[in-house]
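Novice: This structure is in structure tokens; I'll ask about it shortly.
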Amino acid sequence: MPAELIDGRAIAKKVRAEVAERARKLVARGVRPGLAVVMVGDDPASAVYTTAKAKAAEEAGMYSLNVRLPADTSQADLLSRVDALNTDPKIHGILIQMPLPAQIDPDTVIRRINPAKDVDGFHPVNVGKMLIGERDGFISCTPAGIQVLLKESGVKTPGKNCVVIGRSNIVGKPMAALMMQNNENANCTVTVCHRHTADLKSHTRAADILIVAAGRARIVTADMVKPGAVVIDVGTNRVADARSKSGTKLVGDVDFESVREVASKITPVPGGVGPMTIAMLMSNTVRAAEMTLR
Ligand code: NAD
Numbered sequence: 002m003p004a005e006l007i008d009g010r011a012i013a014k015k016v017r018a019e020v021a022e023r024a025r026k027l028v029a030r031g032v033r034p035g036l037a038v039v040m041v042g043d044d045p046a047s048a049v050y051t052t053a054k055a056k057a058a059e060e061a062g063m064y065s066l067n068v069r070l071p072a073d074t075s076q077a078d079l080l081s082r083v084d085a086l087n088t089d090p091k092i093h094g095i096l097i098q099m100p101l102p103a104q105i106d107p108d109t110v111i112r113r114i115n116p117a118k119d120v121d122g123f124h125p126v127n128v129g130k131m132l133i134g135e136r137d138g139f140i141s142c143t144p145a146g147i148q149v150l151l152k153e154s155g156v157k158t159p160g161k162n163c164v165v166i167g168r169s170n171i172v173g174k175p176m177a178a179l180m181m182q183n184n185e186n187a188n189c190t191v192t193v194c195h196r197h198t199a200d201l202k203s204h205t206r207a208a209d210i211l212i213v214a215a216g217r218a219r220i221v222t223a224d225m226v227k228p229g230a231v232v233i234d235v236g237t238n239r240v241a242d243a244r245s246k247s248g249t250k251l252v253g254d255v256d257f258e259s260v261r262e263v264a265s266k267i268t269p270v271p272g273g274v275g276p277m278t279i280a281m282l283m284s285n286t287v288r289a290a291e292m293t294l295r
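Using my numbering, read the sequence shown as starting at 2 and increasing by one per residue.
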């Protein structure tokens, strides 16, 4: 029997409705949650992402500020914009769209964001809080969204072997750290695989929950998956497709058609992890605003 689809769009819609309700309550108390999305340069893919984030914020009843800066913006200028947003009472969440132009060091910029407004969860203070299991920080949106997908689709995680492919700071590492935490949505035995992993298949075959964030089109094939495993595909890769108008299509890191015959549950690409990332950004922003009232 083919795997059940984990419908990221439907689960994200539910999260966004909850966020909109929380935003309404805040507005009633005189606080409109505000998200600033900062983009430097004119990369078309980044423009699509930033527009989608601003639109989602508006749909949730939040104030959204789209800051577009020219590609030759200096690091000092960007840092002073961040300083201004850090002290702007209308702004509760600050997001710097990556990648940044070469003259700007992304780590320096991330460290400049007030951790209480770091709704992307990339500031070392928030990464550290997540690692030690403190709940008052922000968790980066993609791994946080995956944890919600697992919960909402009824996957029981405690005691399971969770294998994460990829160890980036934005997906793989925080994902692994989240799944090893001591709580009912985690408590997994976690293995992290990466480019230097010898015999990837021997690890993936042992996974009850396989989370793939390698950025390599269809590297996970059916023979690498344990029958009945839950498979979460984070990858977004453009590949040639003669049948589509644009000549390309979006695929994940998982060979969906073959793996869905083996897995028990699987996320599609698109429509799986992607919608959750934006939903969790909204959730983090509304929480940042709620925290100002405490
Ligand atoms: P990255 O390039 O920073 O990291 C990729 C990781 O995968 C590295 O740690 C690398 O060691 C590992 N890797 C690469 N090839 C491998 C292989 N053959 N075997 C084992 N490990 C391998 O990428 P990232 O930023 O973590 O993103 C990963 C993918 O997820 C990309 O396709 C990206 O577009 C996608 N992504 C999607 C969302 C979303 O919301 N849907 C969010 C973030 C990232």
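All C-beta atoms, glycine included, are put in the ideal place defined by N, C-alpha and C. All values derive from a computational prediction rather than experimental measurement.
1) I need the residues with a C-beta less than 6 angstroms from some heavy atom of the ligand NAD; please give them in chain order.
2) For the beta strand (DSSP E) holding Leu66, just list the boundary residues, first then last.
3) Quick one: any contact between the stretch 5-18 and the stretch 275-288, if contact means 3 or more CB pairs under 8 angstroms?
4) How about the stretch 51-66 and the stretch 76-83: do they share at least three Cβ pairs that are nearer than 8 angstroms?
5) Whose CA, out of Asn87, Asn170, Val164 and Ala61, lies closest to the CA of Asp108?
6) Report the CB separation of Ala1 from Ser265 in whole angstroms; it is logged as a contact under 8 angstroms.
7) For the alpha helix (DSSP H) containing Cys142, list its first residue and its last residue.
8) Hey, Ile233 and Val274 are a contact pair by Cβ (cut 8 angstroms); roughly how many whole angstroms apart?
9) Hey, could you find the ends of the alpha helix (DSSP H) Gly31 is sitting in?
10) One question on the structure: do Ala290 and Val32 come within less than 7 angstroms of each other, judged by their Cβ atoms?
11) Since I believe Leu150 is in contact with Ala40 (beta carbons under 8 angstroms), could you give me their beta-carbon distance rounded to a whole number of angstroms?
12) Would you please state the rounded distance, in angstroms, between the beta carbons of Val231 and Ile210? I believe it to be under 8 angstroms.
13) Under DSSP, the beta strand (DSSP E) around Ile233 begins and ends at which residues?
14) Among Ala11, Lys118 and Asn238, whose alpha-carbon lies nearest the alpha-carbon of Val38?
15) Looking only at its own chain, which residues have a Cβ that is under 7 angstroms from the Cβ of Lys250, when we skip the five neighbours before and after it?
Specialist: From the atom records:
1) In chain order, the qualifying residues are Thr143, Ile166, Gly167, Arg168, Ser169, Ile171, Val172, Gly173, Cys194, His195, Arg196, Thr198, Leu201, Ala214, Ala215, Gly216, Arg217, Ile220, Val235, Gly236, Thr237, Asn238, Val274, Gly275 and Thr278.
2) Here the beta strand (DSSP E) through Leu66 covers Tyr64 to Leu70.
3) Enough Cβ pairs lie closer than 8 angstroms, so yes.
4) Result no; under three Cβ-Cβ pairs closer than 8 angstroms.
5) It is Asn170.
6) Lying outside 2 to 295, the shown extent of the chain, residue 1 is not represented and no answer is given.
7) Element bounds for Cys142: Cys142 to Glu153.
8) For a cut-off of 8 angstroms, the C-beta gap from Ile233 to Val274 is around 7 angstroms, short enough to register as a contact.
9) No alpha helix (DSSP H) holds Gly31; DSSP gives it neither H nor E.
10) Yes, Cβ-Cβ distance for Ala290 and Val32 is below 7 angstroms.
11) Going by the sequence as given, residue 40 is Met instead of Ala. Contact between Met40 and Leu150 does not hold, since the beta-carbon distance rounds to 27 angstroms and is not under 8 angstroms.
12) With a beta-carbon spacing of about 5 angstroms, Val231 and Ile210 fall inside the 8 angstroms limit used to define contacts.
13) Ile233: member of the beta strand (DSSP E) spanning Val231 to Asp234, first to last residue.
14) For Val38, the closest of Ala11, Lys118 and Asn238 by C-alpha to C-alpha distance is Lys118.
15) Same-chain partners within the cutoff: Val240 and Asp242.
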